[in-house]
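As structure tokens, the structure follows; a few thoughts come after it.
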DNA sequence: GTTATTGTTAACCAAATCGTTAAATATTCA
DNA sequence: TGAATATTTAACGATTTGGTTAACAATAAC
């Protein structure tokens with residue numbers, strides 16, 4: 001049976017982990033295959049400890065698994081949290097992908113107009 | 001022509017804005033229609049200034065437009081940044097939605113195995 | 001066994017985040 | 001006009017974040 005120890009990490013940590021450009025770059029890099037810490041650090045102009053901290057943030061968000069191999073630490077992406085974030089956003093997908101031409105904004109406008117009409121009727125002036 | 005002044009806000013601000021449960025709750029609430037600041041604050045047990053700050057974060061991320069109407073401020077969701085975040089995640093969607101049964105992880109495992117073989121051959125012991 | 005290499009941890013610092021309470025602003029109501 | 005309502009701004013504090021340099025640990029290589 002497949003390992004089903006899944007990312008029980010919450011959206012707070014996931015979105016926060018994705019909110020830094022270096023960490024997103026690391027995710028992008030790992031999407032193309034595993035890499036060592038040094039390889040992940042190489043494109044960026046910050047110190048190695050800084051990268052180490054970013055990796056820890058990704059790990060705490062469940063996005064990363066690190067496995068020591070000799071003196072090298074190999075990093076593997078875990079996409080489950082990405083799927084979790086994607087799932088949250090998907091709930092609102094219809095709001096920008098409606099094929100009825102900006103349906104959502106029309107709804108908003110309609111309600112606003114309705115309220116303005118109410119106000120017009122409410123105040124005598 | 002439709003207004004195309006679009007959310008030029010970067011992913012940093014968008015993901016950071018979504019990284020707090022109160023702000024996500026506000027987004028969810030606004031997805032159902034506009035609301036005033038007071039209405040948005042009501043479900044939460046933090047002070048009004050705290051809510052005001054959250055709204056500012058959402059506004060800075062382009063997720064929110066606020067329009068004063070008398071003494072209430074009406075808040076409207078702008079979904080463009082959600083779409084932006086969704087778009088970023090979509091690039092990796094194949095990694096968890098592949099229909100070949102965990103293709104991505106097999107790729108990772110395969111590469112790792114290959115490396116282990118290389119090492120086996122490299123070291124004489 | 002020393003020396004390099006790879007990476008983490010510790011200690012520190014500046015800035016940002018998230019909350020508070022108190023005061024200020026603006027609008028409506030009586 | 002004055003009081004109530006809705007919301008923001010100011011000032012403060014605790015915690016977190018994101019970076020640094022220096023020191024440490026573990027493995028590999030000579």
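Chains as they are written, first to last, in my numbering: chain A, 1 to 125; chain B, 1 to 125.
Note that beta-carbon positions come from the ideal geometry of N, C-alpha and C, so glycine has one too.
Please read all numbers here as calculations on a predicted model, not as lab measurements.
Close beta carbons around residue 11/A, own chain, < 8 Å, minus the five adjacent residues each side:
Within the same chain, 84, 85 and 88 come within 8 Å of residue 11/A by CB-CB distance, once the 5 residues on both sides are set aside.
Could you tell me whether the region 50-57 of chain A touches the region 33-51 of chain B, where touching means 3 or more Cβ pairs closer than 8 Å?
no
Report all residues from its chain with a CB closer than 8 Å to the CB of residue 58/B; omit the five preceding and five following residues, and keep chain order.
For residue 58/B, same chain residues with a beta-carbon under 8 Å away, outside a window of 5 residues either side, are 17, 23, 26, 27 and 64 in chain order.
For residue 74/B, which residues in the same chain have their Cβ closer than 8 Å to its Cβ, ignoring the five residues on either side in sequence?
34, 35, 36, 66, 67 and 68
From the DSSP output, read off the bridge partner residues of residue 97/A.
According to DSSP, which records beta bridges pairwise, residue 97/A is partnered with nothing at all.
If you measure beta-carbon to beta-carbon, which residues of the region 13-28 of chain B are closer than 9 Å to chain A?
13, 14, 15, 16, 17, 18, 19, 20, 21, 24, 27 and 28
Can you give the beta carbon distance from residue 31/A to residue 95/B, rounded, assuming they're within the 8 Å contact cut?
6 Å
Should residue 13/B and residue 15/A be called a contact, given that it needs their Cβ atoms to be closer than 7 Å?
Not in contact: residue 13/B and residue 15/A (Cβ atoms no closer than 7 Å).
Selection of the region 44-70 of chain A by Cβ proximity to chain B, strictly under 9 Å
Going along the region 44-70 of chain A in chain order, one finds 67, 69 and 70 with a Cβ nearer than 9 Å to chain B.
When the Cα atoms are used, what is the spatial distance from residue 79/A to residue 41/B?
Taking the straight line from one Cα to the other gives about 34 Å.
Residue 69/B - containing beta strand (DSSP E), residue span:
Run containing residue 69/B: 64-69, per the beta strand (DSSP E) assignment.
Could you tell me which chain B residues have their CB closer than 7 Å to the CB of residue 85/A, listed as they occur along the chain?
89
I want to see whether chain B comes within less than 7 Å of residue 40/A, judged by CB atoms only; does it?
no
Consider the Cβ of residue 31/B: report whether some Cβ of chain A lies at a distance smaller than 7 Å.
yes
Identify, in the order they occur along the chain, each residue of the same chain with its Cβ nearer than 6 Å to the Cβ of residue 44/A, setting aside the five sequence neighbours on each side.
22
Coil, strand or helix - residue 23/A by DSSP:
Assigned with DSSP and collapsed to three states, residue 23/A falls in helix.
Cβ neighbours of residue 126/A in the same chain (closer than 8 Å, five flanking residues each side left out)
Any property of residue 126/A remains undetermined from this structure, which presents chain A solely from 1 to 125.
What residues of chain A sit near residue 79/B, judged by a beta carbon separation below 7 Å?
92, 95, 96 and 104
Span of the beta strand (DSSP E) holding residue 74/B?
72-77
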